[in-house]
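To start, the structure under review is shown below, and the notes come after it.
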């Protein structure tokens, strides 16, 4: 028997889980996230080895999910200075890079330039790459930055000029410089793709720190046989080397791992996961074992990007949500919450604030604290508050569904006791064991994937043939990322016809995923 | 009316208000907003002129961009397009352009004229030719006034510029589309050049100001406490509530360069048990509640989020969204026989006569 280790470092908790070859859970462990992240990982590791008594040499794979990139952007900490090259003049110059970024985040840019080049929608050159200006720019950056972000107009159609500029950058600035190119990071939409590319470059040091730290922690504990992987936000894994190049892909892997883990624990492949915490509830969708991607632009730390993110609705409802009765008799629940102070402030715990948890206890949904302290509550208030909670959950469940058909619901999280189980719109409501460490489980069970995206003219290549070529490309990419070819499946096919394009053109996006080799 | 300026602070509100007036069309004004921000940062605020302030013989030129929104989202623009258009048009008429104006309220084209005015330091006239958004080039009030779309100037970001003098709008559309494709799918145009007198006679006046006021009101809708947000929304838009419901189906079809479709909603609140449908062709065309038509083009049919009151464009319609459907009366000229021939329900293939929103609503209520 061989084992996989999953570790998830969240803002609040660090979870660890050990699973075997059959993906059965051997042991799990949870502790508060410490200031010293690696000390925390090390502690979690020691504990889980202690509990499970598994031979550490039999652990062959270790997966880490971390919020450190998100934190770095939101807190503006540890971001590396970046030089920004955009290829595309005379197009696009009306919108200089980072135009709507907040001043504090804009500081990551040491210098930026828009040079001649870029493509039309059909791959024709707008202009050849201005190699003189490109070279001069890189020369001016030498000694000032260690990271460069390169984007190009319609790089999502053709990335030759981005690759040529990257080669020039290496030549001028040396092998050590980090280079992010937009065609490998985002999709259609220059501004959003460029934004994601700049963030990616700015995160390269953070990525180096956490990959090195994870590696060192594991080696220190003697897990010498383990191959290391990082969780991505689409629910698949990447190698350490890949993570150093594309750190931005780790953003939001926490909610992704949580909803995948919860779904896995219930042995479903299609479900809606409702994760109720102390202050907020996250609702996400699992389709074919993977989280559904958001179709709209996603903002990270106030910066609009277009790279893939899980489609999650967050609402201000949790175990600590404050319940109020207004003068007109109406009852409100949240969005404010007593948060982590619930164990002091909720009525059942001896406090003075009426919370959603108190309502749940009064309605006999659960037994917690001292039920006598809520026995006096007016029954109509309790009923009204429960109705509000139920309506909030049902409305948002409905909002995330794509049709009116009932769905299987997985209800997880410390605050899930406040939700009545007879949810309208749900075919079934399940609450799995081990859900406290669903994040780490989601990380440990992940597959590896490849995504291929391109504009395809069905007049030039017949549709069936074009789709097959795209699928083959996606499979190849998954195998390149470490999947065993015979296990790779196509998990997503997206085909968007582009109305104004000639040549019957569609944007085709294919994702393939398979088991780790 | 006092002369005022459009600075960075006004951009966000104008874009938001214009997306309501887009009546489902116009798309996401994000790229336009960034361009306007860039131009105002570089060149300073734009002077907004009331139509009554412009001389009768002044040369006024509407500015717009044509092409695919997806191309625009990649290539944006160079920023010098407006200079090329200015030069071509001034040369053609042998006369300096006095001011620019928008052609439509809604989406990118509510922002682009601001970019042009900022860049060239020319004023913007507080007027447009629709008072909303429409899908086709001839659908402007100036057509009623006999103004021709041509000479229409067209330029790309590379600096190519052409000027069209055509025999009909159909030819204008056809030639412009062909050149747009050759130029890479997205170009800047100036069309319906006219004198100040015509602008005053046929234009939809103070539409930029109205967009800004609407945007500001939506942004601050939760700040008043005396009324419910919905009542406030209906009051400041002058709109009539047509339906409140949850989107239960969206049917789409792309034909030509247009997005056709139908959105179906199940009633909530007062409308529980009822069902409504809104048909669209880029913009919303008709609204039907339980089989009965409650509003048609050219009146504005707008879908907004029932909580935030943010406008929802037809490309963002999604199952499960809770929406308020509101009808806003269109500009008066659209209700004339000539106006209805251009943009009435029958032009869009809807088998019904035009009855003003207020009358239809009175019948239903």
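Residue numbers (our numbering), protein chains in the order written: chain R, 4 to 520; chain H, 675 to 1039.
Glycine residues also receive a C-beta, built at the ideal position from the N, C-alpha and C atoms.
Remember, it's a predicted structure, so these values are computed and weren't measured experimentally.
- Query: Which term fits residue 1037 (chain H), buried or exposed, when burial requires 16 or more other beta carbons within 10 angstroms of its beta carbon?
  - Reply: The count along the second chain starts at 1 and reaches residue 1037 (chain H) at position 363. Under this definition residue 1037 (chain H) is an exposed residue.
- Query: What residues are listed by DSSP as bridge partners for residue 969 (chain H)?
  - Reply: Here residue 969 (chain H) corresponds to residue number 295 of the second chain, with the count starting at 1. According to DSSP, which records beta bridges pairwise, residue 969 (chain H) is partnered with H:961.
- Item | Beta carbon of residue 667 (chain H) nearer than 9 Å to that of residue 861 (chain H) | In this structure chain H extends from 675 to 1039, so residue 667 (chain H) is not present and cannot be described.
- Query: Pick from R:196, R:90 and R:201: whose alpha carbon is nearest that of residue 163 (chain R)?
  - Reply: On the first chain, residue 163 (chain R) is found 160 positions in, with the first residue counted as 1. The candidate whose alpha carbon is nearest that of residue 163 (chain R) is R:90.
- Task: Could you have a look at residue 946 (chain H) and say whether DSSP puts it in helix, strand or coil?
- Result: Along the second chain, read from residue 1 onward, the residue named residue 946 (chain H) stands at position 272. In this structure, residue 946 (chain H) counts as coil in the three-state DSSP scheme.
- Message: Let's test the definition: count the other Cβ atoms within 10 Å of the Cβ of residue 782 (chain H) and tell me whether it reaches 16, buried, or not, exposed.
- Response: Counted from its first residue, the second chain places residue 782 (chain H) at position 108. In summary, residue 782 (chain H) is buried, with 16 or more beta-carbon neighbours lying within 10 Å of its beta-carbon over all protein chains present.
- Item | Where the alpha helix (DSSP H) containing residue 181 (chain R) begins and where it ends | Within the first chain, residue 181 (chain R) is the residue found at index 178, counting from 1. It is not in any alpha helix (DSSP H) - residue 181 (chain R) instead sits in the beta strand (DSSP E) that spans 181-184.
- Message: On the CB-based measure, 16 or more other CB atoms within 10 Å of its CB, does residue 117 (chain R) come out buried or exposed?
- Response: Counting from 1 along the first chain, the entry for residue 117 (chain R) is found at position 114. By the 10 Å Cβ count, residue 117 (chain R) comes out buried.
- Taking only beta-carbon positions, decide if residue 748 (chain H) is within less than 9 Å of chain R. Residue numbering aside, residue 748 (chain H) sits at position 74 when the second chain is read from its first letter. Residue-level contact by beta carbon holds for residue 748 (chain H) and chain R, with a gap shorter than 9 Å.
- Message: For chain H, check one thing: does any of its Cβ atoms lie closer than 9 Å to the Cβ of residue 312 (chain R)?
- Response: As a working mapping, residue 312 (chain R) is identified with position 309 in the first chain. No, residue 312 (chain R) lies away from the interface with chain H (no Cβ there is under 9 Å from its Cβ).
- Which stretch, first to last residue, makes up the beta strand (DSSP E) that contains residue 907 (chain H)? Taking the second chain and counting its residues from 1, the one referred to as residue 907 (chain H) is at position 233. First-last for residue 907 (chain H): 903-911, but that is the alpha helix (DSSP H), not the beta strand (DSSP E).
- Item | Cβ neighbours of residue 121 (chain R) in the same chain (closer than 6 Å, five flanking residues each side left out) | For the purposes of this step, residue 121 (chain R) is taken as the residue at position 118 of the first chain. Within the same chain, residue 121 (chain R) has close Cβ partners 90, 91, 94, 129, 155 and 156.
- Query: Mind checking whether the beta-carbon of residue 107 (chain R) lies closer than 8 Å to any heavy atom of the ligand GTP?
  - Reply: With respect to the ligand GTP, the structure offers nothing, as it holds no ligand at all.
- Message: Relative to the C-alpha of residue 937 (chain H), which candidate in H:929, H:953, H:947 and H:927 has its C-alpha closest?
- Response: Locating residue 937 (chain H) in the second chain gives position 263, counting from the first residue. Closest by alpha carbon: H:953.
- Task: List in chain order: all unbroken alpha helix (DSSP H) runs of 4+ residues lying wholly within the stretch 762-799 of chain H.
- Result: Within the stretch 762-799 of chain H, the complete alpha helix (DSSP H) runs of at least 4 residues are 786-794.
- Task: Alpha carbon to alpha carbon, how far is residue 392 (chain R) from residue 354 (chain R)? Give it in angstroms, no decimals.
- Result: As a working note, residue 354 (chain R) is residue 351 in the first chain. As a working note, residue 392 (chain R) is residue 389 in the first chain. Residue 354 (chain R) and residue 392 (chain R): Cα-Cα distance of roughly 21 Å.
- Item | Residues near residue 318 (chain R) in its chain [Cβ-Cβ closer than 7 Å; skip 5 each side] | Indexing the first chain from 1 puts residue 318 (chain R) at position 315. Result list for residue 318 (chain R): 283, 284, 395 and 399, in chain order.
- residue 675 (chain H) in three-state terms, based on DSSP: Position 1 of the second chain, counting from 1, holds the residue named residue 675 (chain H). Note that residue 675 (chain H) scores 48 on pLDDT, short of 50, meaning its location in the model is unreliable; the coordinates nonetheless yield the value given after this. Here DSSP, grouped into helix, strand and coil, assigns residue 675 (chain H) to coil.
- Item | Neighbour list for residue 831 (chain H) in chain C, Cβ cutoff strictly below 7 Å | Reference to chain C is not applicable here, since the protein chains of this structure are R and H.
- Message: So residue 751 (chain H) contacts chain R; which residues on that side make the cut at Cβ distance below 7 Å?
- Response: Along the second chain, read from residue 1 onward, the residue named residue 751 (chain H) stands at position 77. Chain-order list of chain R residues neighbouring residue 751 (chain H): 97, by C-beta distance under 7 Å.
- Buried/exposed call for residue 133 (chain R), threshold 16 Cβ in 10 Å: The count along the first chain starts at 1 and reaches residue 133 (chain R) at position 130. It counts as buried.
- Helix, strand or coil at residue 519 (chain R) according to DSSP, with G and I counted as helix: Along the first chain, one-based indexing puts residue 519 (chain R) at 516. Reduced to three states, the DSSP call for residue 519 (chain R) is strand.
- Spell out whether any CB of chain H is found under 9 Å from the CB atom of residue 123 (chain R). Within the first chain, residue 123 (chain R) is the residue found at index 120, counting from 1. Yes, because at least one Cβ of chain H sits closer than 9 Å to the Cβ of residue 123 (chain R).
- Message: Against chain R, does residue 711 (chain H) count as a neighbour if the rule is that its beta carbon must be under 9 Å from one of theirs?
- Response: As a working mapping, residue 711 (chain H) is identified with position 37 in the second chain. So, interface residue.
- Message: Let me see if you follow: with CB-CB separation under 9 Å, is residue 23 (chain R) close to chain H or not?
- Response: On the first chain, position 20 is the one that residue 23 (chain R) refers to. Interface annotation, residue 23 (chain R): not in contact with chain H, CB-CB separation never under 9 Å.
- Query: Between the C-alpha atoms of residue 848 (chain H) and residue 231 (chain R), what's the straight-line distance to the nearest angstrom?
  - Reply: Translated into positions along the second chain, residue 848 (chain H) becomes position 174. Translated into positions along the first chain, residue 231 (chain R) becomes position 228. Residue 848 (chain H) and residue 231 (chain R): Cα-Cα distance of roughly 58 Å.
- Which residues, in order along the stretch 155-171 of chain R, keep a beta-carbon less than 7 Å from a beta-carbon of chain H? Listed by position, the residues of the stretch 155-171 of chain R near chain H (Cβ gap below 7 Å) are 156 and 157.
- Task: Report the neighbours of residue 402 (chain R) on chain H: residues whose CB is nearer than 8 Å to its CB, in chain order.
- Result: For the purposes of this step, residue 402 (chain R) is identified with residue 399 of the first chain, where counting begins at 1. Taking a Cβ-Cβ cut-off of 8 Å, the neighbours of residue 402 (chain R) in chain H comprise 994, 995 and 996, given in sequence order.
- Give a yes or no on whether the minimum CB-CB distance between residue 191 (chain R) and chain H is below 9 Å. Counting from one through the first chain, the residue named residue 191 (chain R) turns up at place 188. By this cut-off, residue 191 (chain R) is an interface position.
- Message: Taking the beta carbon of residue 465 (chain R) as the centre, do at least 16 other beta carbons fall within 10 Å, making it buried, or is it exposed?
- Response: Translated into the one-based positions of the first chain, residue 465 (chain R) becomes position 462. By the C-beta density criterion, residue 465 (chain R) is exposed, having fewer than 16 other C-beta atoms within 10 angstroms.
- According to DSSP, what are the bridge partners of residue 862 (chain H)? Locating residue 862 (chain H) in the second chain gives position 188, where the first residue counts as 1. Looking at the DSSP assignment, residue 862 (chain H) forms a beta bridge with H:739 and H:829.
- Item | Length of the line joining the Cα atoms of residue 360 (chain R) and residue 274 (chain R) | Here residue 360 (chain R) corresponds to residue number 357 of the first chain, with the count starting at 1. Here residue 274 (chain R) corresponds to residue number 271 of the first chain, with the count starting at 1. Straight-line Cα distance between these residues: approximately 26 Å.
- Taking residue 922 (chain H) as the query, report the chain R residues whose CB atoms sit under 9 Å from its CB, ordered along the chain. For this step, residue 922 (chain H) is matched to residue 248 along the second chain. Residues of chain R whose Cβ lies closer than 9 Å to the Cβ of residue 922 (chain H) are, in chain order, 406 and 407.
- Item | Per DSSP, cross-strand counterpart(s) of residue 343 (chain R) | As a position in the first chain, residue 343 (chain R) is number 340, starting the count at 1. Under DSSP, residue 343 (chain R) takes part in no beta bridge, so it has no partner.
- Beta carbon proximity, residue 780 (chain H) to chain R, threshold 9 Å: As a first step, residue 780 (chain H) must be located in the second chain, where it is residue number 106. No, residue 780 (chain H) lies away from the interface with chain R (no Cβ there is under 9 Å from its Cβ).
- Checking contacts by CB at 9 Å: is residue 744 (chain H) closer than that to chain R? In the second chain, residue 744 (chain H) corresponds to position 70, counting from 1. So, interface residue.
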